[in-house]
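Letter by letter, the sequence shown follows residues 6 to 584 of our numbering. For glycine and all other residues, C-beta sits at the position ideal for the given N, C-alpha and C. These numbers come from a predicted model, not from an experiment.
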Amino acid sequence: MNASIIDPLQGDFPEVIEEYLEYGVMKCIAFNRRGTLLAAGCSDGNCIIWDFETRGIAKELRDKDCVAAVTSVCWSKYGHRILVSAADKSLALWDVLSGERIKRMVLQQTPLQARLHPGSSTPSLCLACPLSSAPMIVDLNTGSTTVLPVSNLETCSELAPSSRNKLSDGTPSYSPTAACFNKYGDLVYVGNSKGEILIIDYKRIQICAVVPISGGAVVKNMVFSRNGQYMLTNSNDRTIRIYENLLPLKDEIRTLDRLSENINDLDGVEKLKALGSKCLTLFREFQDSITKIHWKAPCFSGDGEWVVGGSASKGEHKIYIWDRAGHLVKILEGPKEALIDLAWHPVRPIVVSVSLAGVVYIWAKDYTENWSAFAPDFKELEENEEYIEREDEFDLNPETENVKESDVNEDEEIDIVTVEKDAAFSDSDMSQEELCFLPAIPSPDVPEQTDKCLENTSKLVDSNNSGSPLSEEAGLNGHVVNHVSNPLEDDAGGTYLKRKRKPSEKGLELQAEKVRKPLKSSGSSLQDSEYQNNGDPEAGRCRRTDGKKWRCSFNALPDQKYCERHMPKSRVHHEEGYI
6 MNASIIDPLQ
16 GDFPEVIEEY
26 LEYGVMKCIA
36 FNRRGTLLAA
46 GCSDGNCIIW
56 DFETRGIAKE
66 LRDKDCVAAV
76 TSVCWSKYGH
86 RILVSAADKS
96 LALWDVLSGE
106 RIKRMVLQQT
116 PLQARLHPGS
126 STPSLCLACP
136 LSSAPMIVDL
146 NTGSTTVLPV
156 SNLETCSELA
166 PSSRNKLSDG
176 TPSYSPTAAC
186 FNKYGDLVYV
196 GNSKGEILII
206 DYKRIQICAV
216 VPISGGAVVK
226 NMVFSRNGQY
236 MLTNSNDRTI
246 RIYENLLPLK
256 DEIRTLDRLS
266 ENINDLDGVE
276 KLKALGSKCL
286 TLFREFQDSI
296 TKIHWKAPCF
306 SGDGEWVVGG
316 SASKGEHKIY
326 IWDRAGHLVK
336 ILEGPKEALI
346 DLAWHPVRPI
356 VVSVSLAGVV
366 YIWAKDYTEN
376 WSAFAPDFKE
386 LEENEEYIER
396 EDEFDLNPET
406 ENVKESDVNE
416 DEEIDIVTVE
426 KDAAFSDSDM
436 SQEELCFLPA
446 IPSPDVPEQT
456 DKCLENTSKL
466 VDSNNSGSPL
476 SEEAGLNGHV
486 VNHVSNPLED
496 DAGGTYLKRK
506 RKPSEKGLEL
516 QAEKVRKPLK
526 SSGSSLQDSE
536 YQNNGDPEAG
546 RCRRTDGKKW
556 RCSFNALPDQ
566 KYCERHMPKS
576 RVHHEEGYI
């Protein structure tokens, strides 16, 4: 795209469907950190990695032990690992470059979402949100799990479920709970069923602060912006809320400890809420005040300037885009299919959505070129106008033009070694090699089915050597019938596998039909023999018919089509005179 001729006043948000991707039934998607690769979990338990630049499949991660639908996919920070959670209660960690599974473990409950630790290049810790239990920290190396608290200590007795709400294995049942890491993975933010956001130090398994949500609605989704300054929540009250993070991006635990020491006049829940007010503050709320629809998979744009959310209504594929100030700027309407997942490209104004049918739609911007970028005095005209040129306007050296001296210092050294950091990836470690693209591996040729090829070959050879008049005519007229040779035999009699394209069954049928067709001949006797052998089951019978069902029962004259009775008179007289 020519970025220099794009109008900067146009919003950096998508507008139209640019392309769609199809492979099986895809359920969830996730971009890598640079946006060059797109991972999609399928309903058969496999994970497909698309090259987003070429829109082709770069890698297929096939799990033989999993046949259930994938519930979530998550990339590691530098793109070398992918965590896949499935409906069969399994978590699988994959090596992206080799396509091999590193670790697989099965939980007690189905993980609806799983996220790798964002602060490690080769993470082994992940945060899993099961369907009917509290969120937990899972160590994939050791297989140990640490259940996180979903309420503060004083209200645990009030939230304890009754015995009739327990599952068959005796564990208490929970409503699905949302959780996420902060930017560097120091803290875990958990949204519980009481409408509270708990800030938890998962290493000490301790609740550091509590942020109450207005209305006490159950939190369904939580996600941080790319820069870690804002957090988004999606609640059951059909409202998307944006919170501003007041803590520093690094050393958040130490900052919380210092704040806790300064608050000595409060205890228990009141102290936790006081700490929560110093950690998060409500910044904006988004909702559709007219239709009051539920939201699906809300998220931030790559730069955090836009907020996007999909409609959870059945039978419609609508995507709402707001700016961070709270104004609705665009509604994207797609096909009549429900939306199940959504993702914004990390660095480009592109949104990718997944429909209920398993198709991935790519929404991009409809750019309008601004040609005034090439010439500041360029003016677009709606219709032709008469222009009177100046007398010296097209002279080689006009007197009115003054040559300006260049301000460039030609003696200044140009630095071509220092690499400028991208603002979107300012926290990247340059010493760590990042996996942005996957090498193209050519697909191996499908091995030829030798048995089937030999069978078809033998049938064709038998049909050509059946001793029929057709084969004799072909030999008489100099036509050579090309027999299909065995692909496993060479001229010297040895056997080896030749790289020869195998003819299809349809091609073999057409070749056999071509052999069966009568070949043209210049002799009249051969033409007469064609009349007798052109697919007629009664070759010696007279061919006189009424065009329906009746046919003459007399035999035809030698080398003729008709009997003596139905022979054309002119031909009969001619033959009698000749005799």
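Query                                                                                                                                                                         : Result
Can you grab the Cα-Cα spacing for the pair N560 / C547, in whole Å?                                                                                                          : 5 Å
Label V21 either buried or exposed according to how many other C-beta atoms from any shown protein chain fall within 10 Å of its C-beta, with 16 as the threshold for buried. : exposed
Buried or exposed for W555, please, with buried defined as at least 16 other CB atoms from any protein chain shown within 10 angstroms of its CB.                             : exposed
Can you give me the C-alpha to C-alpha distance between S358 and V195, rounded to a whole angstrom?                                                                           : 26 Å
At 3 residues or longer, and completely inside the segment 70–118: list those beta strand (DSSP E) runs for me, N to C.                                                       : 75–80, 86–91, 95–100 and 106–111
Identify the residues that DSSP records as bridge partners of E199: which are they?                                                                                           : Per the sequence presented here, residue 199 reads as Lys, with Glu not at that position. According to DSSP, K199 bridges with nothing at all.
Rounded to a whole number of angstroms, what is the C-alpha to C-alpha distance between G472 and P563?                                                                        : With a pLDDT of 44 at G472, under the threshold of 50, the modelled position of this residue cannot be trusted; read the value that follows with caution. C-alpha separation (whole angstroms): 22 Å.
Assuming contact is defined by CB atoms lying nearer than 7 Å, are K276 and V215 in contact in what I supplied?                                                               : no
Is I326 closer than 7 Å to F57 when the C-beta atoms are compared?                                                                                                            : no
Can you give, in chain order, each stretch of the alpha helix (DSSP H) that sits fully within the segment 266–342 and has at least 4 residues?                                : 273–282
Based on the DSSP secondary-structure assignment, which residues constitute the bridge partners of A561?                                                                      : Its beta-bridge partners do not exist; DSSP assigns none.
Can you tell me which of the three DSSP states D371 falls into?                                                                                                               : coil
Evaluate the contact criterion for the segment 414–422 versus the segment 28–47: three or more CB pairs, one atom per stretch, below 8 Å.                                     : no
Would you report the Cα separation of E438 and L26, rounded to the nearest angstrom?                                                                                          : 29 Å
Check this for me: beta carbons of L145 and K108, under 7 Å apart or not?                                                                                                     : yes
Give me whichever residues DSSP pairs with W555 in a beta bridge.                                                                                                             : Answer by DSSP bridge pairing: none, since W555 is not bridged.
Alpha carbon to alpha carbon, how far is E23 from K319?                                                                                                                       : 23 Å
Please identify the residue among V274, S90, F229 and C557 whose C-alpha is closest to the C-alpha of G110.                                                                   : What sits at residue 110 in the sequence shown is Met, not Gly. The residue with the shortest Cα to Cα distance from M110 is S90.
Take every Cβ of the segment 50–69, pair it with every Cβ of the segment 371–390, and state whether three or more of those distances are shorter than 8 Å.                    : no
From what residue to what residue does the beta strand (DSSP E) around P135 run?                                                                                              : L130 to P135
Going by DSSP, name the residue or residues bridged to T127.                                                                                                                  : None, per the DSSP bridge assignment.
Who are R120's beta bridge partners in DSSP?                                                                                                                                  : L132
I'd like to know whether the C-beta atoms of G309 and S230 end up nearer to each other than 7 Å.                                                                              : yes
Using CA coordinates, which residue listed in P303, P354 and E321 is at the minimum distance from D346?                                                                       : P303
Closest to I336 by C-alpha separation, out of L88, N197, H322 and E257, would be which residue?                                                                               : H322
Please classify T260: does DSSP put it in a helix, a strand, or coil?                                                                                                         : helix
Using three-state DSSP, classify A35 as helix, strand or coil.                                                                                                                : strand
Tell me the DSSP bridge mates of E24?                                                                                                                                         : I367
Tell me which residues share the same chain as S306 and place their Cβ nearer than 6 Å to its Cβ, disregarding the 5 neighbours each side in the sequence.                    : W349
So, helix, strand or coil for E425, using DSSP?                                                                                                                               : coil
Which value, in whole angstroms, describes the spacing of the CA atoms of Y567 and G552?                                                                                      : 15 Å
Grab me the residues of Y189's own chain with a C-beta within less than 6 Å of its C-beta, minus the 5 sequence neighbours each way, in chain order.                          : G124
Helix or strand or just coil, what does DSSP make of L43?                                                                                                                     : strand
Using the Cβ count rule (16 or more neighbours within 10 Å means buried), how would you classify Y235?                                                                        : buried
Please return the same chain residues whose Cβ sits closer than 8 Å to the Cβ of D242, not counting the five positions on each side in sequence.                              : G220 and A222
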